[in-house]
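Sequences listed follow chains A, V, C and U, in order. If you're matching positions, the first sequence starts at 2 in my numbering and goes up one per residue. If you're matching positions, the second sequence starts at 2 in my numbering and goes up one per residue. If you're matching positions, the third sequence starts at 2 in my numbering and goes up one per residue. If you're matching positions, the fourth sequence starts at 2 in my numbering and goes up one per residue. The beta-carbon is built from N, C-alpha and C at its ideal position, and this holds for glycine as well.
Protein chains: 4
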Amino acid sequence: MAPRNPGGSGGAKQWATNLTSIKPNEILLRGYRLDDLMGRMGFGEAIYLLLIGEVPTPSVGRLMDAMLVSFIDHGVTPPSTLAARNVATTGASIRGAVAAGVLGFGPHHGGDALACRTLLDEGLQLCSSGIPMTDAARNLVDRLVKCNDIPPPGFGHRFHTIDPRAKRLLQLAHELEVDHAYSQFLRALEHALSKHDALTGRPLPINIDGAIAAVCGDMGLPSEVADALLIISRVPGLAAHALEEQRREAPMRVISPTVDTYDGPAERPVPGRRK
Amino acid sequence: MAPRNPGGSGGAKQWATNLTSIKPNEILLRGYRLDDLMGRMGFGEAIYLLLIGEVPTPSVGRLMDAMLVSFIDHGVTPPSTLAARNVATTGASIRGAVAAGVLGFGPHHGGDALACRTLLDEGLQLCSSGIPMTDAARNLVDRLVKCNDIPPPGFGHRFHTIDPRAKRLLQLAHELEVDHAYSQFLRALEHALSKHDALTGRPLPINIDGAIAAVCGDMGLPSEVADALLIISRVPGLAAHALEEQRREAPMRVISPTVDTYDGPAERPVPGRRK
Amino acid sequence: MAPRNPGGSGGAKQWATNLTSIKPNEILLRGYRLDDLMGRMGFGEAIYLLLIGEVPTPSVGRLMDAMLVSFIDHGVTPPSTLAARNVATTGASIRGAVAAGVLGFGPHHGGDALACRTLLDEGLQLCSSGIPMTDAARNLVDRLVKCNDIPPPGFGHRFHTIDPRAKRLLQLAHELEVDHAYSQFLRALEHALSKHDALTGRPLPINIDGAIAAVCGDMGLPSEVADALLIISRVPGLAAHALEEQRREAPMRVISPTVDTYDGPAERPVPGRRK
Amino acid sequence: MAPRNPGGSGGAKQWATNLTSIKPNEILLRGYRLDDLMGRMGFGEAIYLLLIGEVPTPSVGRLMDAMLVSFIDHGVTPPSTLAARNVATTGASIRGAVAAGVLGFGPHHGGDALACRTLLDEGLQLCSSGIPMTDAARNLVDRLVKCNDIPPPGFGHRFHTIDPRAKRLLQLAHELEVDHAYSQFLRALEHALSKHDALTGRPLPINIDGAIAAVCGDMGLPSEVADALLIISRVPGLAAHALEEQRREAPMRVISPTVDTYDGPAERPVPGRRK
Chain A
2 MAPRNPGGSG GAKQWATNLT SIKPNEILLR GYRLDDLMGR MGFGEAIYLL LIGEVPTPSV
62 GRLMDAMLVS FIDHGVTPPS TLAARNVATT GASIRGAVAA GVLGFGPHHG GDALACRTLL
122 DEGLQLCSSG IPMTDAARNL VDRLVKCNDI PPPGFGHRFH TIDPRAKRLL QLAHELEVDH
182 AYSQFLRALE HALSKHDALT GRPLPINIDG AIAAVCGDMG LPSEVADALL IISRVPGLAA
242 HALEEQRREA PMRVISPTVD TYDGPAERPV PGRRK
Chain V
2 MAPRNPGGSG GAKQWATNLT SIKPNEILLR GYRLDDLMGR MGFGEAIYLL LIGEVPTPSV
62 GRLMDAMLVS FIDHGVTPPS TLAARNVATT GASIRGAVAA GVLGFGPHHG GDALACRTLL
122 DEGLQLCSSG IPMTDAARNL VDRLVKCNDI PPPGFGHRFH TIDPRAKRLL QLAHELEVDH
182 AYSQFLRALE HALSKHDALT GRPLPINIDG AIAAVCGDMG LPSEVADALL IISRVPGLAA
242 HALEEQRREA PMRVISPTVD TYDGPAERPV PGRRK
Chain C
2 MAPRNPGGSG GAKQWATNLT SIKPNEILLR GYRLDDLMGR MGFGEAIYLL LIGEVPTPSV
62 GRLMDAMLVS FIDHGVTPPS TLAARNVATT GASIRGAVAA GVLGFGPHHG GDALACRTLL
122 DEGLQLCSSG IPMTDAARNL VDRLVKCNDI PPPGFGHRFH TIDPRAKRLL QLAHELEVDH
182 AYSQFLRALE HALSKHDALT GRPLPINIDG AIAAVCGDMG LPSEVADALL IISRVPGLAA
242 HALEEQRREA PMRVISPTVD TYDGPAERPV PGRRK
Chain U
2 MAPRNPGGSG GAKQWATNLT SIKPNEILLR GYRLDDLMGR MGFGEAIYLL LIGEVPTPSV
62 GRLMDAMLVS FIDHGVTPPS TLAARNVATT GASIRGAVAA GVLGFGPHHG GDALACRTLL
122 DEGLQLCSSG IPMTDAARNL VDRLVKCNDI PPPGFGHRFH TIDPRAKRLL QLAHELEVDH
182 AYSQFLRALE HALSKHDALT GRPLPINIDG AIAAVCGDMG LPSEVADALL IISRVPGLAA
242 HALEEQRREA PMRVISPTVD TYDGPAERPV PGRRK
């Protein structure tokens, strides 16, 4: 129990923040006038600036956007989305539904990103002690496959046999030349895992949590920042589901996650812009 | 109390979502493959697509980003941020702190955007019934100033005599030719209010909630979507404060909002990009 | 927007609480030493003392306990409980699951207590202006049945044609001589409603929200306190479901509210104590 | 990542709860008709029944009540209470404020109960392997004092040099003959710690978290249930503070935890009842 100043005695200590300065008529975000940033910086870049303290390079900014977009929604399947919808059906506020959805990210849901980062950190430490990457990856996989009947964090998905988001994010990181040791070790793990297909009974490709863990590592983001990005990126999805619930459905309905369908637009090509 | 199917009887009704389609190895966001959007669309544009259903025009996309950036953080002053920090100091998870912060947006905090939108809708209805905008604005302001000792929603700020974010957002909307009736009526209200300075005792310029209300109106966003955007835009700020609290401060400290300082970088120019 | 002292300037105003005094080695709850209350007062009585400021009479204390027990759980059917379970299945903390469940009390779920209280207040005001109770009740019911296709707040239940909790609570209030004008007016409303069975298509008996609204009114509790009691009483239920979810079920499961069963003990008599 | 049935395919598995059975007009809590329990069982006893599955003995029921009362509020000092008040000042709902307060129980706040239980379990395992209790306690304390500059979990308090709640709870457990091995080992730890006063620089008496951990252990409650009891017991306090905030204070005020006072009743004797 850390010592603490007693309340009511005027004893609170001076403290400081280095995020945002507020003076009358002037707001500085990490030293930049917020009104100067408006119109000159995308939301993804501003999130990076706020969390890390510096304006990202164009490559890193584009990768941030890709990462945030990749996790923006996953339909009505995740428990976090169902928590948000169950709150929304009672007529509660959108912010209440979003808060409940945010709470629905536990160790088993989104937690893979943090756990995979720990695994990659361990692997890269082995490498830096002189062990070749292939051997380090094989050793880690052997240990994980023996001790657990669940896939290593960052691999496998309950819906997808190939996670299209993971594939695209790693490809973008490669194109933008932001794929370094973390991404390489992630691929080494995937390769080592593929030798165990017989044992695991199914292919265990890299999933989006794993790809985000590796790309954040290569971008130099601390692991707790990578974890926060998952929450930030999914909040629009939680809000969208809460809004749809209240717009389309009767209040107090029984929300069954096994009888839902999709009635939005069929597949259509992305309007031509950046390739 | 709406009728509801009893649980346990297999009676849940089929229901549909039009946001995101999930099939093995394929995720469609509003009809677009999510992996195709990654790297081609900024996070702000993707938020618009998810909430509204269509890809924004470049002007609207840039305005979305500006709006989201404008509200990303306001230092340690808002109660929502203090709620997030008080949760973070107990060693709770970042998602718990973010959820508590999201709950700290009540009618008096961020609620101005929704209330101002209602006011603008009322004003524009008067105009469409033939009353000139100047008269409609004067009538509304007369009523509001007489009945309340608080400023009309969207005007005045506890820190700023001119809200730099509001000024910049309305200027950008003008440059990008997205300022229509809502923005014009907001300015008409500001003009009518300025006649009452003697009465109100202080200038009541447009604040960021008011500017967001008007710009969202001119972009055609439903008012509940505009409300959700405030939450979406502030979540990175809440996460940043929770992370800073746990990184820089001792656990279980007394967080006094009157003895804080800013120790981040001094004002610096935004690196040259879009002007 | 209410004026507010700016942060960072040392300008926070002195403020006071009359709930609990904290000095070294001494905790006073509403003036009573907390350690003196321990072992001498039930939890229900202590909740009354904390919220109202005085020790309840034995009758009121017993009614408080009955009210809190009546709402302690309602199985896996309410959306609030499903929100808590969807959070728990991700491996999140019990407090995160409880918080999500608390958020799942919106206007359509538990909100009847507050709405019914407003209705009863309106009715009793009519009575105090000289209108006989029977007429006042008929007038209100006529208006409500004409204007809405939903039952008046406090009447009807999606599962029960007779709500056993409501019946017992009102009977207890009668036995303990705490049933006054509010309970009488609630019964008058029920009687007036029964004339409309043909119109409403089903019997609309008093539900637990209505009974709690009336009994709280007769106990002299402000309506917002009555509202808070619903949350307080259901928190043990939310915690119990979150604990059961994590103890009995696999993580990240699809929680369908239509295929659940009950496998607890069959009906058994309450061990003899107070009758 | 645990395997999961895909949504939309009708594939959710049957599942069961043993807490509460809901049939039309009949609610069974752990096999007892809820309406039969109303008026015959206190809220504290019903909480035990719901969480554990059986009606408590009178002694255990009285201890439950004492435990729940002991933790009902601790004034405006805890960060959880400040989180609830910061949400309430924005005009948000009481349930939103309560949820934020619940989230403000992290490892450093209330977490001692769980950590102390783990310590007691470890100690009792040493004893059951034949080591005398005094030696086992001394060994654990030696290790903890050497390795950490914070007190062992369950000992010391930032305000109190003697925690009056802990003293009373352990005394009650003794009177009611519910103090067994856990309480004895807790006292053994306190004794061993007292030898280290010179080292720790201050007395480290048993705190309420430690007393609750031991008493729950002796009552046979699983540690996660003991953890849930802390949340359940504090919710009334969180609600009371949120209600007081909205009743007594201006909205959007700066809530400084260093300039508060208590203006409730002065110390008064508990009205005579059970001793």
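Can you give me the Cβ contacts of T90 (chain U) inside the same chain, cut-off strictly under 7 Å, excluding the 5 residues immediately before and after it? As a working note, residue 90 (chain U) is residue 89 in the fourth sequence. The residues are E246, E250, P252, M253, R254, I256.
According to DSSP, simplified to helix, strand and coil, what is E123 (chain U)? Position 122 of the fourth sequence, counting from 1, holds the residue named residue 123 (chain U). In the structure shown, E123 (chain U) adopts helical secondary structure according to DSSP, grouped into three states.
In whole angstroms, what separates the C-alpha of R31 (chain C) from that of V226 (chain C)? For the purposes of this step, residue 31 (chain C) is identified with residue 30 of the third sequence, where counting begins at 1. For the purposes of this step, residue 226 (chain C) is identified with residue 225 of the third sequence, where counting begins at 1. R31 (chain C) and V226 (chain C): Cα-Cα distance of roughly 16 Å.
Give a yes or no on whether the C-beta atoms belonging to S22 (chain V) and L115 (chain V) are separated by under 9 Å. Walking along the second sequence from the start, residue 22 (chain V) turns up at place 21. Walking along the second sequence from the start, residue 115 (chain V) turns up at place 114. Contact flag unset, no.
Whose C-beta lies closer than 6 Å to the C-beta of A98 (chain A) among residues of the same chain, with five residues either side of it excluded? Locating residue 98 (chain A) in the first sequence gives position 97, counting from the first residue. Excluding sequence neighbours, A98 (chain A) sits near A85, V88, A89, A243.
Could you spell out the range, first to last residue, of the beta strand (DSSP E) harbouring S81 (chain V)? Position 80 of the second sequence, counted from the start, is the residue given in the question as residue 81 (chain V). Taken as a continuous stretch (DSSP letters only), S81 (chain V) belongs to no beta strand (DSSP E), being part of the alpha helix (DSSP H) at 80–89.
CB contact check: A100 (chain A) to chain U, cutoff 9 Å: To locate residue 100 (chain A), count along the first sequence from 1; it is residue 99. Chain U, which has a Cβ nearer than 9 Å to the Cβ of A100 (chain A), makes this yes.
A67 (chain A) versus K168 (chain A) - alpha carbon distance: Position 66 of the first sequence, counted from the first residue, corresponds to residue 67 (chain A). Position 167 of the first sequence, counted from the first residue, corresponds to residue 168 (chain A). About 12 Å.
Closer than 8 Å by C-beta to S60 (chain A): which residues in its own chain qualify, once you throw out the five before and the five after it? Chain order, please. As a working note, residue 60 (chain A) is residue 59 in the first sequence. Cβ neighbours of S60 (chain A) beyond the five flanking positions: L177, E178, V179.
Any chain U beta carbon closer than 9 Å to M220 (chain V): One-based indexing of the second sequence puts residue 220 (chain V) at position 219. Taking Cβ atoms only, chain U never reaches closer than 9 Å to M220 (chain V), which makes this a no.
For E288 (chain V), does the count of other Cβ atoms within 10 angstroms reach 16, so buried, or fall short, so exposed? Nothing can be reported for residue 288 (chain V): it is not among the residues displayed for chain V, which extend from 2 to 276.
Please list, in chain order, the chain E residues whose beta carbon lies closer than 7 Å to that of L104 (chain U). Looking for chain E here will not work: the only protein chains present are A, V, C and U.
For I23 (chain C), report the span of its beta strand (DSSP E) as first-last. Sequence index remark: in the third sequence, residue 23 (chain C) carries index 22 (1-based). Annotation: the continuous beta strand (DSSP E) that includes I23 (chain C) extends over 21–24.
If L171 (chain U) sits next to A212 (chain U), beta carbons under 8 Å apart, how far is it from one beta carbon to the other, in whole angstroms? Mapped onto the fourth sequence, residue 171 (chain U) falls at position 170. Mapped onto the fourth sequence, residue 212 (chain U) falls at position 211. Contact flag correct, Cβ pair sits at about 5 Å.
Taking Cβ-Cβ distances shorter than 8 Å, what residues in chain A pair up with R34 (chain V)? Taking the second sequence and counting its residues from 1, one reaches residue 34 (chain V) at position 33. Going along chain A in sequence order, the residues near R34 (chain V) (Cβ under 8 Å) are P165, E268, V271.
In three-state terms, what does DSSP make of A251 (chain U)? Numbered from 1 along the fourth sequence, position 250 holds the residue referred to as residue 251 (chain U). Coil at A251 (chain U), not helix or strand.
Identify each residue in the segment 228–258 of chain A for which the Cβ-Cβ distance to at least one residue of chain C is less than 8 Å, and report them in chain order. Flagged, chain order: P252, M253, V255, I256, S257, P258.
How far does the alpha helix (DSSP H) with L30 (chain C) in it reach, from first residue to last? For this step, residue 30 (chain C) is matched to residue 29 along the third sequence. No alpha helix (DSSP H) contains L30 (chain C), which is instead part of the beta strand (DSSP E) from 27–30.
V70 (chain V) and F44 (chain A) - do their beta-carbons sit closer together than 9 Å? As a working note, residue 44 (chain A) is residue 43 in the first sequence. As a working note, residue 70 (chain V) is residue 69 in the second sequence. A contact, by the Cβ cut-off of 9 Å.
What would DSSP say about D143 (chain A), mapped onto helix, strand or coil? Mapped onto the first sequence, residue 143 (chain A) falls at position 142. In this structure, D143 (chain A) counts as helix in the three-state DSSP scheme.
Is P25 (chain C) close to chain U, meaning its C-beta is less than 9 Å from at least one C-beta of that chain? Translated into positions along the third sequence, residue 25 (chain C) becomes position 24. It does: the Cβ of P25 (chain C) has a partner Cβ on chain U nearer than 9 Å.
Using CA coordinates, which residue listed in U:N208, U:A174, U:P25 is at the minimum distance from I163 (chain U)? Start at 1 with the first residue of the fourth sequence, and residue 163 (chain U) comes out as number 162. Checked all of U:N208, U:A174, U:P25; the closest Cα to I163 (chain U) is U:N208.
Shorter than 8 Å, the distance from the beta carbon of L115 (chain V) to the closest heavy atom of the ligand ATP, or not? Although the ligand ATP was asked about, the structure shown includes no ligands whatsoever.
Per DSSP, the bridge partner or partners of I132 (chain A): The count along the first sequence starts at 1 and reaches residue 132 (chain A) at position 131. Note: I132 (chain A) sits in no beta bridge, so no partner.
Return the CA-CA distance between C217 (chain A) and P237 (chain V), expressed in angstroms with no decimal places. Taking the first sequence and counting its residues from 1, one reaches residue 217 (chain A) at position 216. Taking the second sequence and counting its residues from 1, one reaches residue 237 (chain V) at position 236. So the alpha carbons of these two residues sit roughly 16 Å apart.
So, with DSSP's three-state summary, where would you put H181 (chain C)? As a first step, residue 181 (chain C) must be located in the third sequence, where it is residue number 180. Looking at H181 (chain C) - three-state DSSP - the assignment turns out to be coil, as it is neither helix nor strand.
Own chain residues within Cβ distance below 6 Å of V56 (chain U), not counting five before or after: On the fourth sequence, residue 56 (chain U) is found 55 positions in, with the first residue counted as 1. If we look at V56 (chain U) and ignore the five residues flanking it on each side, its Cβ neighbours are L50.
Does any CB atom of chain V fall closer than 9 Å to the CB of K276 (chain C)? As a first step, residue 276 (chain C) is located in the third sequence; it is residue number 275 there, counting from the start. Residue placement at K276 (chain C) is flagged as unreliable, the pLDDT there being 49, under the threshold of 50; the coordinate-derived value follows with that caveat. No, because no Cβ of chain V sits closer than 9 Å to the Cβ of K276 (chain C).
In three-state DSSP terms, what is F72 (chain V)? The residue given as residue 72 (chain V) occupies position 71 in the second sequence. F72 (chain V) falls in the coil class under three-state DSSP.
For H110 (chain A), return the contacting residues in chain C, with the cut-off set at a CB-CB distance below 7 Å. Along the first sequence, one-based indexing puts residue 110 (chain A) at 109. Here the neighbours are T91, M253.
Using a Cβ-Cβ cutoff of less than 8 Å, which residues in the same chain neighbour P80 (chain A) once the five nearest sequence positions on both sides are dropped? Position 79 of the first sequence holds residue 80 (chain A). The residues are G105, H110.
Put V56 (chain C) into one of helix, strand or coil per three-state DSSP. Residue 56 (chain C) sits at position 55 when you count from the first residue of the third sequence. For V56 (chain C), the secondary structure class from DSSP, reduced to helix, strand or coil, is coil.
Going along chain U, which residues have a C-beta under 9 Å from K168 (chain C)? Translated into the one-based positions of the third sequence, residue 168 (chain C) becomes position 167. Within chain U, the residues near K168 (chain C) are D36.
Same chain, Cβ closer than 7 Å to A214 (chain U), five either side skipped, listed in chain order: Position 213 of the fourth sequence holds residue 214 (chain U). Around A214 (chain U): A114, C117, R118, L121, G155, A227.
Contact criterion: CB-CB distance below 9 Å. Does M116 (chain C) meet it with respect to chain A? As a position in the third sequence, residue 116 (chain C) is number 115, starting the count at 1. At residue 116 (chain C) the sequence reads Ala, which differs from the Met that was named. So, not an interface residue.
Should S234 (chain A) be labelled buried (16 or more other beta-carbon atoms within 10 Å of its own) or exposed? To locate residue 234 (chain A), count along the first sequence from 1; it is residue 233. It is buried - the Cβ of S234 (chain A) has at least 16 other Cβ atoms within 10 Å.
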